[in-house]
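In what follows, a structure is listed as structure tokens, so that the remarks can point back to it.
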Amino acid sequence: MEEKQVEVAAATNHHKHKKDMRSLINLNLVILFLFVLNGFAQTSDTDTSTYKKRVLESIEVDFLASYYSQDGDNAAVSGGIGTEELTDLTSAFVVSVPLNDDDVLTIDAGISAYTSASSSNINPFDDGYADPFVASSGASSSDVWINANGNYSHSSDDRNQIVSGKLSISSEYDYFSVGVGGSFTKLFNEKNTELSINANIFIDTWKLIYPYELRPFLEGGAGLNDPLFTRNTITGNPNYQPLFSELNGKGRNSYAIGLGFSQILSKKLQGTLSLDLIMQTGLLSTPFQRVYFDDMEDSFIDNFHLADDVEQLPDKRIKTAIGGRLNYYINEIFVVRTFYRYYMDDWGITSQTASIELPIKIADKFTLYPSYRYYYQTAADYFAPYEEHLSTDKYYTSDYDLSKFSANQYGFGMSYTDVFTKSHVWKFGLKSIDLKYAHYSRDSGLTADMITGGFKFVME
Amino acid sequence: MIRKTILLLFLFVSITSCVSVKEYEKVSLNDPDMILADKKSDRNISTFHSYREAAVGANGGKTGGGCGCN
Numbered sequence: 318m319e320e321k322q323v324e325v326a327a328a329t330n331h332h333k334h335k336k337d338m339r340s341l342i343n344l345n346l347v348i349l350f351l352f353v354l355n356g357f358a359q360t361s362d363t364d365t366s367t368y369k370k371r372v373l374e375s376i377e378v379d380f381l382a383s384y385y386s387q388d389g390d391n392a393a394v395s396g397g398i399g400t401e402e403l404t405d406l407t408s409a410f411v412v413s414v415p416l417n418d419d420d421v422l423t424i425d426a427g428i429s430a431y432t433s434a435s436s437s438n439i440n441p442f443d444d445g446y447a448d449p450f451v452a453s454s455g456a457s458s459s460d461v462w463i464n465a466n467g468n469y470s471h472s473s474d475d476r477n478q479i480v481s482g483k484l485s486i487s488s489e490y491d492y493f494s495v496g497v498g499g500s501f502t503k504l505f506n507e508k509n510t511e512l513s514i515n516a517n518i519f520i521d522t523w524k525l526i527y528p529y530e531l532r533p534f535l536e537g538g539a540g541l542n543d544p545l546f547t548r549n550t551i552t553g554n555p556n557y558q559p560l561f562s563e564l565n566g567k568g569r570n571s572y573a574i575g576l577g578f579s580q581i582l583s584k585k586l587q588g589t590l591s592l593d594l595i596m597q598t599g600l601l602s603t604p605f606q607r608v609y610f611d612d613m614e615d616s617f618i619d620n621f622h623l624a625d626d627v628e629q630l631p632d633k634r635i636k637t638a639i640g641g642r643l644n645y646y647i648n649e650i651f652v653v654r655t656f657y658r659y660y661m662d663d664w665g666i667t668s669q670t671a672s673i674e675l676p677i678k679i680a681d682k683f684t685l686y687p688s689y690r691y692y693y694q695t696a697a698d699y700f701a702p703y704e705e706h707l708s709t710d711k712y713y714t715s716d717y718d719l720s721k722f723s724a725n726q727y728g729f730g731m732s733y734t735d736v737f738t739k740s741h742v743w744k745f746g747l748k749s750i751d752l753k754y755a756h757y758s759r760d761s762g763l764t765a766d767m768i769t770g771g772f773k774f775v776m777e
Numbered sequence: 106m107i108r109k110t111i112l113l114l115f116l117f118v119s120i121t122s123c124v125s126v127k128e129y130e131k132v133s134l135n136d137p138d139m140i141l142a143d144k145k146s147d148r149n150i151s152t153f154h155s156y157r158e159a160a161v162g163a164n165g166g167k168t169g170g171g172c173g174c175n
């Protein structure tokens, strides 16, 4: 009996102890929350100066240019095999105009021209021997992408609130996009803490371009009586019959909302955390990316495998990305810049990105930028390599951008900065030049080289 | 995952909320290389990443619209 009473007392004490602990934890959380609020409460009330510095002193112009070249053997256009050779030249002007002390208008306009061996094989039959590893000529071998963005931002008198809105438009031969967005930023704690929220909507439209050999099987097409098949010999299965029907819809909408939190951690250390939530709806597959099924007979013209279908992907995708940056000023020569991101989506992809850059000031005006970036992702649920899908699958793609891979990128950059803008082009003084080279390689075989340049001018 | 992130965010805020570096003490923080974003000249590299990789967002770059990218 006594033993039982002792056990009951012990159990009661244990329960009471747990309850006390919970209360203590809750109390601590409340105190912590009040502490945080107190931190935020130390806001701009100390900023009592009447002098208002212009947000932007004068017109600034950035000219940005880049060259990109890639190669690999897993082209999505030819179902996971074939050349991925692609080169791209991009240039853009970004002009920031101070409209008054508080408001800045930024116009960003660019053009990008590319040639692509893989997209040339949307029609591999237009000249010579058809082969997925050989580029074809014709309309789809190159394209031009143009875009323009306008951004208007307004800062409050104490510079602790920034509101901005933007419009964007971009166009290429088979893709058109209109976007609208806005953001609100609030600074606290003598500008040591910054919170921001932004939202963007993109309304995009595809022009549906299918692989050339599938077009005769669209409604009203001639099927195997099309000249493509009567003028060429089909080897393998001569009764080529793809499992293809036209895609539904041409639209793709993207809705993104982002939260940001930046904090000064000491006189030499600051960091930021970002959360982006993105929902995409509509046509999320690419109309000209072929798929080959393991359970269908193969048909060829020359060495080119005729498509069984184009990729099919769900019409909705939700993406979540959480990222952080931490920058540390070591001394007058070295700075460390770091970035990490975790990403996941409802197609089964998770990914991690980590990068580090070490700016080294070698002279008053010159800084070197060695950098390294690591990237890893898991495969989408709907990915399988060349000829490994089954025709009974609902969704399928052989786009290696959605496969499992890891990638390493090594970069080296250099910048020249002249705060006194001694060199001039017309009324503009040259403030800085940035050049960077980066080499990117995936363990799946794709490699890419990138060269970027940036020239910043300030109107005097 | 989201709970962990909120907790991390909360801890980050808690630890740092009392830090207050004065404007005149921000010389090092105002160094152009301390900016908490990609350099403007790097943006095309970020755009290429958004084409070649599934992950987007949380880096100030594209978040999935305006291109036929992933």
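If you're matching them up, the sequences are chains A and B in order. Under our numbering, the first sequence is numbered contiguously, ending at residue 777. Under our numbering, the second sequence is numbered contiguously, ending at residue 175. Yeah, the Cβ is synthetic: ideal placement off N, Cα and C, and Gly gets one too. Bear in mind the structure is a predicted one, so any value in this text is a computation, not a measurement.
By Cβ distance, which residues of its chain are closer than 8 Å to Thr667 (chain A), with the 5 residues on each side in sequence left out? The residue labelled residue 667 (chain A) in the question sits at position 350 within the first sequence. Answer for Thr667 (chain A): Tyr659, Tyr660, Met661, Gln694 and Thr695, listed in chain order.
C-alpha gap between Gly165 (chain B) and Gly499 (chain A), whole angstroms: The sequence position of residue 165 (chain B) within the second sequence is 60, counting from 1. The sequence position of residue 499 (chain A) within the first sequence is 182, counting from 1. Approximately 14 Å, taken between the alpha carbons.
Buried or exposed: which applies to Lys508 (chain A), given that a residue is buried once 16 or more other Cβ atoms fall within 10 Å of its Cβ? Start at 1 with the first residue of the first sequence, and residue 508 (chain A) comes out as number 191. Buried, by the Cβ-count rule.
From the beta carbon of Pro702 (chain A), is the nearest beta carbon of chain B less than 9 Å away? Start at 1 with the first residue of the first sequence, and residue 702 (chain A) comes out as number 385. No, its Cβ sits nowhere closer than 9 Å to a Cβ of chain B.
Against chain B: residues of the region 621-649 of chain A by CB proximity under 7 Å: Lys636, Ala638, Ile639, Gly640, Arg642, Asn644 and Tyr646
Cα separation between Leu675 (chain A) and Leu141 (chain B)? Taking the first residue of the first sequence as position 1, residue 675 (chain A) is located at position 358. Taking the first residue of the second sequence as position 1, residue 141 (chain B) is located at position 36. Between Leu675 (chain A) and Leu141 (chain B), the C-alpha separation is close to 14 Å.
Give me, in chain order, the residues of the same chain whose beta-carbon lies closer than 7 Å to that of Asp615 (chain A); leave out the 5 immediate sequence neighbours on both sides. Here residue 615 (chain A) refers to the residue found at position 298 of the first sequence. Closer than 7 Å at Cβ, skipping near neighbours: Gly553, Asn554 and His622.
Between A:Glu530, A:Ala409, A:Tyr689 and A:Ser602, which lies nearest to Tyr699 (chain A) when the distance is taken from Cα to Cα? Walking along the first sequence from the start, residue 699 (chain A) turns up at place 382. Nearest option by C-alpha distance: A:Ser602.
Give me, in chain order, the residues of the same chain whose beta-carbon lies closer than 6 Å to that of Leu576 (chain A); leave out the 5 immediate sequence neighbours on both sides. Sequence index remark: in the first sequence, residue 576 (chain A) carries index 259 (1-based). So the qualifying residues of the chain are Ile514 and Leu592.
Check whether chain B comes within 9 Å of Gly762 (chain A), counting only Cβ atoms and requiring the distance to be less than that. Numbered from 1 along the first sequence, position 445 holds the residue referred to as residue 762 (chain A). Not closer than 9 Å to any Cβ of chain B, the Cβ of Gly762 (chain A) fails to qualify, so no.
At a Cβ cut of 7 Å, what residues of the region 367-396 of chain A count as close to chain B, listed as they run along the chain? Asp379, Leu381, Ser383 and Tyr385
C-alpha distance - Pro449 (chain A) paired with Asp390 (chain A), whole-angstrom precision: Within the first sequence, residue 449 (chain A) is the residue found at index 132, counting from 1. Within the first sequence, residue 390 (chain A) is the residue found at index 73, counting from 1. The alpha-carbon atoms of Pro449 (chain A) and Asp390 (chain A) are separated by roughly 9 Å.
Would you call Lys369 (chain A) buried or exposed, if buried means 16 or more other Cβ atoms sit within 10 Å of its Cβ? Start at 1 with the first residue of the first sequence, and residue 369 (chain A) comes out as number 52. The residue in question, Lys369 (chain A), is exposed, as its Cβ has fewer than 16 Cβ neighbours within 10 Å.
Leaving out five residues on either side along the sequence, give the residues of the same chain with a beta carbon under 6 Å from the beta carbon of Glu402 (chain A). Numbered from 1 along the first sequence, position 85 holds the residue referred to as residue 402 (chain A). Excluding residues within five positions, the ones whose Cβ falls inside 6 Å are Asp388 and Ala434.
Residue range of the unbroken beta strand (DSSP E) whose run includes Ser472 (chain A): Reading the first sequence from its first residue, position 155 is the one you call residue 472 (chain A). That run of the beta strand (DSSP E) goes Ser459 to Ser472.
Where Asn135 (chain B) falls: helix, strand or coil (DSSP): Taking the first residue of the second sequence as position 1, residue 135 (chain B) is located at position 30. Note: Asn135 (chain B) maps to coil in three-state DSSP.
In the structure shown, what three-state DSSP assignment does Gly540 (chain A) receive? Position 223 of the first sequence, counting from 1, holds the residue named residue 540 (chain A). Here Gly540 (chain A) carries a helix assignment [DSSP, helix/strand/coil].
Other residues of its chain near His706 (chain A): CB distance less than 8 Å, five sequence neighbours each side excluded: Here residue 706 (chain A) corresponds to residue number 389 of the first sequence, with the count starting at 1. Hits under 8 Å: Val608, Tyr609, Phe610, Asp611, Tyr713 and Ser715.
Mind pulling the chain A residues with CB within less than 7 Å of Ser125 (chain B)? Position 20 of the second sequence, counted from the start, is the residue given in the question as residue 125 (chain B). Chain A residues near Ser125 (chain B): Gln359, Asn506, Glu507 and Asn509.
Can you tell me where the beta strand (DSSP E) holding Ala516 (chain A) begins and where it ends? Looking up residue 516 (chain A) in the first sequence gives position 199. From DSSP, the beta strand (DSSP E) with Ala516 (chain A) extends over Thr510 to Trp523.
Would you call Asn506 (chain A) buried or exposed, if buried means 16 or more other Cβ atoms sit within 10 Å of its Cβ? As a working note, residue 506 (chain A) is residue 189 in the first sequence. Answer is buried; the Cβ neighbour count reaches 16.
Using a cut-off of 8 Å between C-beta atoms, extract the partners of Ser437 (chain A) located in chain B. Along the first sequence, one-based indexing puts residue 437 (chain A) at 120. Within 8 Å Cβ-Cβ: nothing; Ser437 (chain A) doesn't reach chain B, min ~16 Å.
Residues near Glu377 (chain A) in its chain [Cβ-Cβ closer than 6 Å; skip 5 each side]: Translated into positions along the first sequence, residue 377 (chain A) becomes position 60. So the qualifying residues of the chain are Ser413 and Val775.
Exposure label - Ile479 (chain A); buried when at least 16 CB within 10 Å: In the first sequence, residue 479 (chain A) corresponds to position 162, counting from 1. Ile479 (chain A) is buried by the Cβ-count criterion.
Residue closest to Tyr492 (chain A), alpha-carbon to alpha-carbon, out of A:Tyr384, A:Leu752, A:Gly568 and A:Val411: As a first step, residue 492 (chain A) is located in the first sequence; it is residue number 175 there, counting from the start. Selected option, being the one with the closest Cα: A:Gly568.
Output yes if chain B places a C-beta closer than 9 Å to the C-beta of Met776 (chain A); else output no. Along the first sequence, one-based indexing puts residue 776 (chain A) at 459. It does not; no Cβ of chain B falls within 9 Å.
Does chain A have any CB closer than 9 Å to the CB of Asn164 (chain B)? In the second sequence, counting from the first residue as 1, residue 164 (chain B) sits at position 59. So, interface residue.
Assuming Tyr757 (chain A) and Gly397 (chain A) are in contact, meaning their beta carbons sit under 8 Å apart, how far apart are those beta carbons, in whole angstroms? Counting from 1 along the first sequence, the entry for residue 757 (chain A) is found at position 440. Counting from 1 along the first sequence, the entry for residue 397 (chain A) is found at position 80. Rounded, the Cβ-Cβ distance is 20 Å, inconsistent with contact.
Give me the Cα-Cα distance between Asp362 (chain A) and Ser470 (chain A), rounded to the nearest whole angstrom. As a working note, residue 362 (chain A) is residue 45 in the first sequence. As a working note, residue 470 (chain A) is residue 153 in the first sequence. For Asp362 (chain A), the predicted model reports a pLDDT of 42, less than 50, meaning its position is unreliable and no value from the coordinates is stated.
Any idea if Ala624 (chain A) is buried or exposed, counting beta-carbon neighbours within 10 angstroms, 16 or more meaning buried? By 1-based counting over the first sequence, the position of residue 624 (chain A) is 307. Classification for Ala624 (chain A): buried.
Is it true that the CB of Ser458 (chain A) sits closer than 9 Å to the CB of Ser429 (chain A)? Here residue 429 (chain A) refers to the residue found at position 112 of the first sequence. Here residue 458 (chain A) refers to the residue found at position 141 of the first sequence. Not in contact: Ser429 (chain A) and Ser458 (chain A) (Cβ atoms no closer than 9 Å).
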